[in-house]
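S.K.: In full-length UniProt numbering, the protein residues as written are 1 to 198.
1) What are the boundary residues of the beta strand (DSSP E) that residue 120 is part of?
2) Under DSSP, the alpha helix (DSSP H) around residue 171 begins and ends at which residues?
3) Roughly how many whole angstroms lie between the Cα atoms of residue 41 and residue 55?
4) Apart from the five residues just before and just after residue 37, which ones in its own chain have a Cβ nearer than 6 Å to its Cβ?
5) Can you list, in chain order, the residues of its chain with a C-beta nearer than 7 Å to that of residue 16? Leave out the 5 residues immediately preceding and following it.
6) Under 8 Å from any heavy atom of the ligand ADP, does the C-beta of residue 66 make it?
7) From residue 128 to residue 161, what distance separates their C-alpha atoms?
8) According to the Cβ coordinates, are residue 51 and residue 185 closer than 9 Å?
9) Three or more C-beta pairs closer than 8 Å, one from the region 88-95 and one from the region 105-116: is that the case here?
10) On a CA-only basis, which of 175, 154, 136 is nearest residue 83? Give me that one, please.
11) Can you give the Cα-Cα distance for residue 117 and residue 135, rounded to whole angstroms?
12) Which of the three DSSP states is assigned to residue 151 in this structure?
13) Comparing C-alpha positions only, which one of 81, 5, 53, 32 sits nearest to residue 156?
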């Protein structure tokens with residue numbers, strides 16, 4: 001939902017029901033907007049995403065907020081379909097891709113059926129937003145994260161999307177940059193933990 005200060009996104013997860021995204025990557029966020037929205041939050045695990053470094057955002061929030069001390073990154077890439085050989089799961093793994101409600105989801109499973117890697121991408125017109133990209137710790141360093149990203153990027157490009165967008169972590173940045181993504185802004189993440197957890 002478009003807001004005067006940015007966007008509210010209904011994520012729909014038990015530990016991440018919604019998030020408020022402030023400002024634009026080039027204009028930054030206004031302190032007054034962040035403070036006002038933060039003060040109105042009363043639901044546990046609601047997140048704020050602010051285009052600024054954590055040291056700048058932390059003083060704007062009260063003790064009921066957990067602020068990730070590590071910078072995040074708003075990243076983008078030009079979307080093009082990957083060559084078919086990059087869309088094949090390694091031996092012992094299975095790749096599944098489906099769409100629900102316009103969101104493309106991809107999951108790589110191990111031989112025993114357990115999840116090894118996953119992600120989703122939501123086309124939003126000219127852009128597509130990648131989210132919930134994750135590789136299980138015991139299946140890392142096997143190219144599964146790249147497989148998930150190539151699959152999602154290809155699906156979005158085939159739907160006419162031109163630019164991919166994601167919020168990357170320090171841990172994920174190297175993978176994304178190796179796939180051609182570039183950082184366009186710093187990003188701070190904060191979670192409302194409520195008075196009981198403060």
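For glycine and all other residues, C-beta sits at the position ideal for the given N, C-alpha and C. Predicted, not measured: the structure shown is a model, and the values here were computed from it.
M.R.: Quick answer:
1) Numbered from 1 along the chain shown, position 120 holds the residue referred to as residue 120. 115-123 is the extent of the beta strand (DSSP E) around residue 120.
2) One-based indexing of the chain shown puts residue 171 at position 171. Unbroken alpha helix (DSSP H) run through residue 171: 170-178.
3) For this step, residue 41 is matched to residue 41 along the chain shown. For this step, residue 55 is matched to residue 55 along the chain shown. Approximately 21 Å, taken between the alpha carbons.
4) Taking the first residue of the chain shown as 1, we reach residue 37 at position 37. Around residue 37: 20.
5) As a first step, residue 16 is located in the chain shown; it is residue number 16 there, counting from the start. Hits under 7 Å: 45, 47.
6) With respect to the ligand ADP, the structure shown offers nothing to examine, as it has no ligands at all.
7) Translated into the one-based positions of the chain shown, residue 128 becomes position 128. Translated into the one-based positions of the chain shown, residue 161 becomes position 161. Using only the alpha carbons, I get a separation of about 6 Å.
8) Locating residue 51 in the chain shown gives position 51, where the first residue counts as 1. Locating residue 185 in the chain shown gives position 185, where the first residue counts as 1. Contact: yes.
9) yes
10) Along the chain shown, one-based indexing puts residue 83 at 83. When each option's Cα is compared against that of residue 83, the closest is 154.
11) For the purposes of this step, residue 117 is taken as the residue at position 117 of the chain shown. For the purposes of this step, residue 135 is taken as the residue at position 135 of the chain shown. Going by the C-alpha atoms only, they are around 4 Å apart.
12) Taking the chain shown and counting its residues from 1, one reaches residue 151 at position 151. Reduced to three states, the DSSP call for residue 151 is helix.
13) Within the chain shown, residue 156 is the residue found at index 156, counting from 1. The candidate whose alpha carbon is nearest that of residue 156 is 81.
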